[in-house]
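Colleague: Right, I'll just put the structure down here and ask away after.
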Amino acid sequence: MYRSHPVRRMCQDPIETAEAHLVLDPADDDRSHDALVAAIEVVSGTVEEQLEYGAIRVQLPERRVADLCSLAGIESVQTADVVSYTGDAGEDI
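Quick note: the sequence shown uses my numbering, first residue 6, plus one each step.
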């Protein structure tokens with residue numbers, strides 16, 4: 006599973022009082038979406054939003070990020086504030 010550098014840091018040295026906002030990309034396996042959501046809730050996570058292409062935006066205590074990353078059925082975990090699926094490049098033109 007891919008974990009971005011900030012997520013790896015949260016796993017190794019979490020801030021006890023901090024909340025993490027993450028984007029998960031589910032693995033392409035036989036695990037159902039409902040089973041993954043249930044597993045996220047077991048590690049104190051809340052699904053905030055279903056994003057395009059099957060990604061899931063999740064909020065949970067930073068101290069539980071390592072538990073989240075140990076779940077089956079996840080291909081990648083990144084911080085939500087650096088992931089964007091908007092595709093709007095108007096300011097770049």
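Every residue gets a Cβ at the ideal spot worked out from N, C-alpha and C, and that includes glycine.
Treat the numbers as computed from the prediction; the structure is a model and nothing was measured.
Going straight from the alpha carbon of Ile20 to that of Leu73, what length do you get?
Modeller: The residue given as residue 20 occupies position 15 in the sequence shown. The residue given as residue 73 occupies position 68 in the sequence shown. Distance between the alpha carbons of Ile20 and Leu73: 15 Å.
Colleague: Report, in whole angstroms, the separation of the C-beta atoms of Ala77 and Val28, which I expect to be a contact under 8 Å.
Modeller: Within the sequence shown, numbered from 1, the residue matching residue 77 stands at position 72. Within the sequence shown, numbered from 1, the residue matching residue 28 stands at position 23. That pair is no contact at about 18 Å.
Colleague: Just curious, the alpha helix (DSSP H) that Glu67 is in, first and last residue?
Modeller: For the purposes of this step, residue 67 is taken as residue 62 along the sequence shown, with counting starting at 1. Where Glu67 is concerned, there is no enclosing alpha helix (DSSP H), given that its DSSP letter is neither H nor E.
Colleague: In the DSSP assignment, what are the bridge partners of Gln83?
Modeller: Translated into positions along the sequence shown, residue 83 becomes position 78. Paired residues: Val28.
Colleague: Grab the span of the alpha helix (DSSP H) containing Glu46 for me, first residue to last.
Modeller: The residue you call residue 46 lines up with position 41 of the sequence shown. That run of the alpha helix (DSSP H) goes 38-47.
Colleague: With distances taken Cα to Cα, identify the nearest neighbour of Ala32 among Gly59, His10, Ala23.
Modeller: As a working note, residue 32 is residue 27 in the sequence shown. Ranking Gly59, His10, Ala23 by Cα distance to Ala32 puts Gly59 first.
Colleague: I need the straight-line Cα distance from Asp18 to Asp35, nearest angstrom please.
Modeller: The residue labelled residue 18 in the question sits at position 13 within the sequence shown. The residue labelled residue 35 in the question sits at position 30 within the sequence shown. Looking at the two C-alpha atoms, the distance is approximately 32 Å.
Colleague: What first and last residue would you give for the alpha helix (DSSP H) that runs through Met15?
Modeller: Walking along the sequence shown from the start, residue 15 turns up at place 10. Where Met15 is concerned, the enclosing alpha helix (DSSP H) stretches over 10-17.
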